[in-house]
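The structure appears below as structure tokens.
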Amino acid sequence: MAKPRTPKGRAREVARRLAEVYPDAHCELDHANPYELLVATILSAQSTDANVNKVTPALFARYPAPEDLAHADPAEVEQLVFTTGFYKAKTRSLLGMANRLVEEYGGVVPGPIEDLVSLPGVGRKTANVVRSVALGLPGFAVDTHVQRLTQRLGITTETDPVAIEREVNAMVPPADLGPLGLRLILHGRRVCTARKPKCAECSLEDICPASLLPTRRPKQA
DNA sequence: ATCCCGAGGG
DNA sequence: CCCTCTGGAT
């Protein structure tokens with residue numbers, strides 16, 4: 003296959019190749035429904051999925067539904083989520099989110115991105131994770147990995163996460179957005195790391211403008 | 001030390 | 001735009 007010449011071509015080629023490298027990429031936050039994923043994703047900020055999965059079983063057992071969390075004792079929630087870090091802020095977000103969910107949305111996690119983002123503690127990244135993983139809706143979550151990789155791969159020249167999200171949304175079929183995001187994150191963690199990226203091990207190296215390998219680097223100084 | 005799929009506030 | 005919130009793993 004010839005090298006893609008346009009950002010859109012790059013995006014699609016990257017999506018195609020990563021699907022081969024990471025065929026079974028999936029969200030690693032344990033959850034049984036959209037409410038649980040919303041809670042888990044709020045807790046995942048600056049915390050590993052494994053760490054979040056340690057606290058959510060007790061949390062979901064104690065507060066099975068938004069109604070339960072909405073009336074929870076903050077001190078008790080703080081204890082349950084303590085080890086995920088940012089525990090005071092996250093507790094505030096969880097209680098605020100649950101209250102708004104009950105008051106405005108009948109205890110049902112809404113689908114529209116603007117509705118999700120209006121919930122306390124829910125930004126675009128969290129909203130898109132919930133959309134694509136739990137609601138079956140199109141969603142491209144731009145976190146630090148996705149931001150870095152889309153830039154390095156020449157898929158976008160934007161730096162603003164919202165702009166990146168908008169551009170990629172226009173380049174990739176809606177149903178592919180969620181899986182592509184998951185795979186970019188996996189690739190960013192394992193290969194295309196922020197510092198010392200492992201270009202020699204990268205399956206995208208030959209089409210990457212940022213490759214550090216001298217033999218392939220397109221623009222040498 | 002540095003990283004982990006961020007969000008809100010000033 | 002920057003700063004802050006925060007604990008665990010490596």
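Residue numbers (the working numbering): 3 to 223.
Virtual Cβ for every residue (Gly too), placed ideally from N, Cα, C.
Quantities reported herein were computed from a predicted structural model and do not represent experimental measurements.
Rounded C-alpha distance that separates residue i from residue j
i	j	result
R154	A212	5 Å
K92	A129	16 Å
P36	H28	15 Å
L137	G113	7 Å
T2	T58	Within the shown structure, residues of the chain are numbered from 3 to 223, placing residue 2 beyond reach of any answer.
V54	E78	17 Å
D70	P76	12 Å
H73	V144	32 Å
R18	S205	11 Å
P68	A165	32 Å
P181	L121	24 Å
P6	V111	39 Å
R197	R191	11 Å
L215	A100	49 Å
E15	V193	17 Å
L139	A177	8 Å
Extent of the continuous alpha helix (DSSP H) run through residue i
i	result
P189	The question names Pro, but residue 189 in the sequence shown is His. Where H189 is concerned, the enclosing alpha helix (DSSP H) stretches over 176-192.
D70	68-72
T58	51-64
T43	36-45
D117	115-119
A143	Taken as a continuous stretch (DSSP letters only), A143 belongs to no alpha helix (DSSP H), as it is neither H nor E.
P76	76-83
P163	163-173
Y89	89-107
A21	9-23
T128	126-131
Identity of the residue in the options nearest residue i by Cα
i	options	result
P25	E203, H189, Y65	H189
P163	E30, A177, A172, R150	R150
G123	P181, A47, A67	A47
Q81	R64, P68, E69	R64
E32	A60, R19, A17	One point to set straight first is that residue 32 is Asp, not Glu, in the sequence displayed. Nearest option by C-alpha distance: A60.
G98	T86, F84, G87, L118	L118
G11	C210, L214, L215	C210
A21	T152, C194, L186	L186
H147	I44, S95, T195	T195
V135	T152, R102, T43	T43
V132	P199, E30, V23, A4	E30
K90	F62, L45, R102, A34	L45
P66	K200, A34, A52, K56	A34
Buried or exposed (CB count within 10 angstroms, at least 16 for buried), residue i
i	result
V41	buried
A13	buried
G108	exposed
D208	exposed
E38	buried
E105	exposed
G183	buried
Q222	Here the model assigns Q222 a pLDDT of 41, short of 50, so the residue's position is not dependable, and the following value carries that caveat. It counts as exposed.
E167	buried
K127	buried
G141	buried
E169	buried
G156	buried
T50	exposed
The ligand GDP heavy atom lying under 6 Å from the CB of residue i
i	result
G98	Ligands are entirely absent from the displayed structure, and the ligand GDP is therefore not among its contents.
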